[in-house]
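Right, one structure below, let's go through it.
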Amino acid sequence: MNNFFVKLIKNPYVLNLLLAVVVTCGLIYGALKWLDHYTRHNEAVVVPDVKGLKIEEAAEFFKNNNLRYNVIDSVFSKDVEPGAIVELSPLAGSKVKEGRIVFITVNALTSQMATIPEVEDLSFRQAYALLKARGFENVEIEYVPGDFKDLAVSVDLRGRALAKGEHVPLTAPLVLKVSSGEAEMHPDSLSIDSLSTMPIESLDSEEENWF
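When you line the sequence shown up against this note's numbering, it's residues 74 to 284, in that order.
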């Protein structure tokens, strides 16, 4: 029996087969160990909640958790300060591998802008809806003297009438001026009511002067 095994092992075909099996097992074992090391198997860190912090402040948290970060986008948000972090991907609290890149969206340093639409001669409801549709958040209505009631006259910002197409921050305090339907009375103009209240003597004297 022993001679049989000795002859079998000495057989070049059997020997090559055994060597191939040993080498294959060694390669598989080495590959698994390398993958285990490369992916840091069973080693995970938690993405810190740094929303609302500036990049400079959040960098220390990422460093302490062996994470990297990359700013990929900026948006405009009223909820956080300009330049602060708005969103994270993966989300805060997620478990990730050490060295993972966390993608960050920050709040824009300046507010978003929009153009002033043409509002003259529109109804104030149409003009107001048009401004809101452009994204303007702070729009007040102010009635001014005018011949036609509820007709948009202009859009003002801090006492200055804005031109059509002018770029203005969406958070700017706009004033939509609307016609009240009552013409402005000039001091040198006389109405019928004012004539009726004038003394008769003055009317007679004016007639005499005319002739």
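Note that CB positions come from ideal geometry on N, CA and C, so glycine has one too.
From the DSSP output, which residues share a beta bridge with residue i?
i      : result
Glu160 : Thr178
Val206 : Reading the sequence as shown, one finds Ala at residue 206 and not Val. Partner(s): none; Ala206 has no beta bridge.
Glu215 : Lys250
Thr188 : His240
Ala234 : Asp229
Lys168 : Val119
Ser196 : Leu224
Using beta-carbon positions only, say whether residue i and residue j come within less than 8 Å of one another.
i      : j      : result
Val148 : Ala187 : no
Ala117 : Lys168 : yes
Asn143 : Glu171 : no
Leu243 : Ser184 : yes
Gly156 : Val123 : no
Val119 : Leu164 : no
Leu204 : Val212 : yes
Lys136 : Glu191 : no
Let me make sure I understand the geometry here. Which of the options has the alpha-carbon closest to that of residue i?
i      : options                           : result
Leu249 : Phe197, Thr97 and Leu243          : Phe197
Glu255 : Gly166, Leu224 and Ile177         : Leu224
Leu126 : Val192, Gly208 and Ile177         : Ile177
Leu235 : Glu210, Lys205, Glu193 and Ser253 : Glu193
Glu154 : Leu182, Gly166, Arg141 and Asn137 : Leu182
Ile214 : Arg231, Val251, Gly232 and Leu92  : Val251
Ala245 : Glu210, Arg233 and Ser162         : Glu210
Ile128 : Gly99, Pro85 and Leu161           : Leu161
Here's the rule I'm using: 16 or more other beta-carbon atoms within 10 Å means buried, otherwise exposed. How should residue i be labelled?
i      : result
Ala132 : exposed
Val226 : buried
Ile189 : buried
Tyr201 : buried
Gly208 : exposed
Val96  : exposed
Leu247 : buried
His259 : Annotation note: pLDDT 46 at His259 (below 50); position unreliable, no value reported.
Ile101 : exposed
Ile145 : exposed
Leu195 : buried
Val340 : Given that the chain is displayed from residue 74 to residue 284, the structure contains no residue 340 and the question cannot be resolved.
Within 7 Å: the Cβ of residue i and any heavy atom of the ligand SAM?
i      : result
Ala187 : Judged by which ligands are present, the structure shown has none, so any question about the ligand SAM falls away.
- Message: If contact is defined by three or more beta carbon pairs under 8 Å, each pair taking one atom from either stretch, is the segment 171-185 in contact with the segment 216-225?
- Response: no
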